[in-house]
Amino acid sequence: MTTRPAPELILHGGPILPMNGAAAGEGRASARARGEAPGEGRAPARVRGEAAVEAGPPRAIAIGGGVIVAVGDEADVLALSRPGTRLVDLAGAAVLPGFQDQHAHPLPEGVQAGWLDLTKAPDLRAALRLLAGAAERARSSVESEPWIEAWYHPAAWRDDRHPTRDELDRVVPDVPVLLHHGSGHAALGNSMALAYAGITAGRPDPSGATIERDASGEPTGMVRGSDPVAPFAAVLPGLTPETLRQAVRRVATRLSAAGVTSVADAHVGSLVDPVSELAAYAGAALDGDLPQRLTAMPGLARLARVDEDPPTPDDIAALIPPDVRDRVRAGPAKFFADGALSTGDAWLRSPYADAAARPPYLALGRPAHEPAELTERLRRAHLAGWQLATHAIGDAGAALVLDAYRQVLAAAPRADHRHRVEHAMLLAPDLLRAAVDLEVIAMLQPEFVAVTGDVYLARLGESRTVDLYPYRRWIDAGLRVAFSSDRPFSPGAPLDGIRAAFRLSGPSGRRMNDDRGPTIDEALRAWTSDAAWAARDERRTGRLAPGLAADLVILSADPTAVPAERWAAGDDGIEVLATLVGGSAVFGADALG
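The sequence shown begins at 1176 in my numbering and counts up by one.
Here it is as structure tokens:
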């Protein structure tokens, strides 16, 4: 018999929302297979006369030894108190499982924080002035070959257009400049950067990147694709182990303040290599600089050719030091089917609404790999035992991924495979049916619409945005969904993600469609229990139940008591008061008294 730890901390006097029960789009049979009962965790119904009345959420939770000891009635849980048990009156604040961001890019976000931020400029002219100022500082740098790296997003500017190579050259002719698009699917260099990287008319496109060229074949400076930095990688300033560790520390602080207790790096190996990046995460976890539980999603296309068997999950797990494996774990394998709508290389089944203003080869966007190549990569990864997580934003990209999943599962069936489509922004009815039939998980990012929705309307036209994140229709059809941020490509706070899901409109306020959206319970589960399930971590995290990790967030009030209209208006009044991982406060310790 397992001995229950003595409670070290009891939180009481506020609603405890366990987030137990069936996932959004998940049948009751699947919930039972996970050892849960639909609706588990709610207080028992009390009978008044002949009618059963739901008693409401529990009011207390006890924590000890890093795990949850008990959840339930306030008097019953308080009775577990022992000498030395710390009692904290929530005074109406709510306790939920810690938010899980199971598709993010923590290391890139931390590194990007050291770049010049052009998204704060009001327009392109102001952004170019910021670059000119950075060039003055770079010229006086002690570095022998200084670079200017910056990130930008035209949607943040009034004029909403990319700079040209010539415009970069006019303001910075003598220092190499590389601008990273906010989507991660495009990069733009000035002439000096192109020269350093050896990007000429005769250079072929590297894997994962397309070098844009003008009518004469000369590079325009723009590179698009799933790995747009690839042509520059050999000449960019190197990222040292300490730089990577600093990046992890910087992002961990932001995550803690947002209530995030578990996070995934959705492309480990994208900056340096998997060994170096896993070492940075492991070192930060060992030193206490990364309190979150980290799921590493390796980019397998970087680790094996299409005709090679990739590393197995055990191979990647072996790179993680044993003493941090409770904090850093191997998760799904990451692949790409296409690019992004904002850069115009998401792969569509019919041309972009603004195709006339685009290079002819981008009228439909483009796949990241030839379809047969991606299918073969997914087949080999599936056979190696991986859970698959494939980026697909356009409907043609999603169709390719779903067809590939159908083929690999038909040839090698696997129960409870939990293969995922990352982003899945455009699922027309036929694709929705295929995703439901295959029991695929859609990993969605509500803030994409809040940040870039106006661009999506321009790229797609109103007729197609009916299929852009219609949460209610998808969930009712049985699609399994989880929410995440893809940070730093959106700001990343889960509470803002919930607001965005209810709003479903871009900065101008124009809605993508008339979908009613999720319920608040579904939105909260999508950031907690459903996200943990999508990452295969539901037996350890994502719910508030005895024996699970004491990873939780304390919110200023009960989020389920706030109407959807107030969430949509940003008038919900809900904020993160404290974040605990393994029962220890990593943010807001003062809120615990």
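In this text, a Cβ means the ideal position worked out from N, Cα and C, and glycines have one as well.
Spatial distance of residue i from residue j (CA atoms)
| i | j | result |
| --- | --- | --- |
| Glu1183 | His1328 | 47 angstroms |
| Trp1708 | Pro1588 | 20 angstroms |
| Arg1662 | Arg1261 | 35 angstroms |
| Val1626 | Leu1465 | 28 angstroms |
| Ala1732 | Val1270 | 9 angstroms |
| Ala1368 | Leu1537 | 24 angstroms |
| Ala1330 | Asp1292 | 14 angstroms |
| Gly1684 | Ala1652 | 27 angstroms |
| Pro1449 | Gly1231 | 46 angstroms |
| Ala1764 | Ala1370 | 51 angstroms |
| Ser1759 | Pro1381 | 46 angstroms |
| Gly1628 | Ala1701 | 21 angstroms |
| Leu1411 | Asp1298 | 27 angstroms |
| His1355 | Asp1484 | 32 angstroms |
| Gly1506 | His1442 | 11 angstroms |
Three-state class that DSSP yields for residue i in the structure shown
| i | result |
| --- | --- |
| Thr1436 | strand |
| Trp1742 | helix |
| Ser1445 | coil |
| Gly1681 | coil |
| Arg1234 | coil |
| Arg1639 | coil |
| Gly1474 | strand |
| Val1450 | helix |
| Ala1567 | strand |
| Ala1405 | helix |
| Gly1572 | helix |
| Glu1614 | coil |
| Phe1511 | strand |
| Glu1211 | Confidence at Glu1211 is low in this model, with a pLDDT of 46, below 50, so its placement is unreliable and the value that follows should be read with caution. Glu1211 falls in the coil class under three-state DSSP. |
| Met1397 | strand |
Cβ separation of residue i and residue j, assumed to be a contact under 8 angstroms, to the nearest whole Å
| i | j | result |
| --- | --- | --- |
| Arg1399 | Ala1361 | 5 angstroms |
| Asp1726 | Val1751 | The Cβ separation is near 14 angstroms, so there is no contact. |
| Pro1283 | Ser1445 | 7 angstroms |
| Met1397 | Leu1363 | 5 angstroms |
| Trp1322 | Pro1348 | Actually they are not in contact, since the Cβ atoms of Trp1322 and Pro1348 sit about 14 angstroms apart, beyond 8 angstroms. |
| Ser1660 | Gln1620 | 6 angstroms |
| Met1194 | Gly1722 | Actually they do not touch by this definition, with Cβ atoms about 15 angstroms apart. |
| Ile1695 | Pro1734 | 6 angstroms |
Residue i vs residue j beta-carbon contact at 7 angstroms
| i | j | result |
| --- | --- | --- |
| Ala1675 | Glu1622 | yes |
| Arg1524 | Asp1570 | yes |
| Leu1613 | Ile1243 | no |
| Val1246 | Ile1236 | yes |
| Ala1556 | Ala1586 | no |
| Arg1420 | Thr1470 | no |
| Ile1729 | Ala1268 | yes |
| Arg1678 | Ala1743 | yes |
| Gly1768 | Val1435 | no |
| Ala1528 | Leu1414 | no |
| Pro1288 | Ala1433 | Per the sequence presented here, residue 1288 reads as Ala, with Pro not at that position. The answer is no: Cβ separation not under 7 angstroms. |
| Thr1405 | Gly1377 | Position check: residue 1405 holds Ala in this sequence, whereas Thr was assumed. Their beta carbons are not under 7 angstroms apart, which means Ala1405 does not touch Gly1377 by this criterion. |
| Val1481 | Glu1548 | yes |
| Leu1643 | Met1687 | yes |
| Leu1516 | Pro1526 | no |
| Ile1568 | Asp1513 | yes |
| Gly1392 | Pro1488 | no |
For residue i, the nearest candidate out of the options (CA to CA)
| i | options | result |
| --- | --- | --- |
| Arg1581 | Gly1289, Val1611, Thr1735 | Val1611 |
| Thr1640 | Met1600, Phe1677, Ser1665, Ala1617 | Met1600 |
| Ala1710 | Glu1452, His1592, Ile1650 | His1592 |
| Ala1439 | Pro1534, Phe1274, Asp1402 | Phe1274 |
| Ala1277 | Ala1564, Leu1516, Asp1344, Gly1241 | Reading the sequence as shown, one finds Gln at residue 1277 and not Ala. Checking every option, the nearest Cα to that of Gln1277 belongs to Ala1564. |
| Glu1249 | Gly1259, Arg1378, Gly1189, Leu1619 | Gly1189 |
| Ala1301 | Asp1690, Val1346, Arg1314 | Val1346 |
| Pro1467 | Arg1234, Val1443, Val1426 | Contrary to the premise, residue 1467 reads as Gln rather than Pro in this sequence. Measuring from the Cα of Gln1467, the nearest candidate turns out to be Val1426. |
| Glu1545 | Thr1518, Phe1511, Ala1408 | Phe1511 |
| Gly1474 | Ile1495, Gly1377, Val1447, Val1499 | Val1447 |
| Ile1645 | Leu1584, Ala1603, Pro1379 | With the sequence shown as reference, residue 1645 is identified as Pro, and Ile is not the correct amino acid for it. It is Ala1603. |
| Asp1402 | Ala1590, Thr1518, Asp1251, Gly1692 | Thr1518 |
| Ala1309 | Gly1463, Arg1429, Leu1353 | Leu1353 |
| Asp1671 | Ala1617, Arg1655, Ala1698, Asp1689 | Ala1698 |
| Asn1365 | Ala1706, Pro1526, Ser1315, Ala1307 | Ala1307 |
| Ala1157 | Gly1373, Ala1492, Thr1428 | The question about residue 1157 has no answer here: the residues shown for the chain are numbered 1176 through 1768. |
| Ala1460 | Arg1648, Ala1479, Pro1488, Asp1501 | Asp1501 |
| Phe1664 | Trp1326, Gly1240, Ser1358 | Ser1358 |
| Arg1179 | Gly1241, Ile1191, Leu1186 | Gly1241 |
| Leu1478 | Gly1506, Arg1552, Asp1462, Ser1437 | Arg1552 |
| Leu1550 | Arg1541, Leu1584, Ala1739 | Residue identity check: residue 1550 is Thr in the sequence provided, not Leu. Taking only the C-alpha atoms, the option nearest Thr1550 is Leu1584. |
Residue i: CB within 6 angstroms of a non-hydrogen atom of the ligand FMN
| i | result |
| --- | --- |
| Val1352 | Summarising the ligand content, the structure contains no ligands, and the ligand FMN is consequently not present. |
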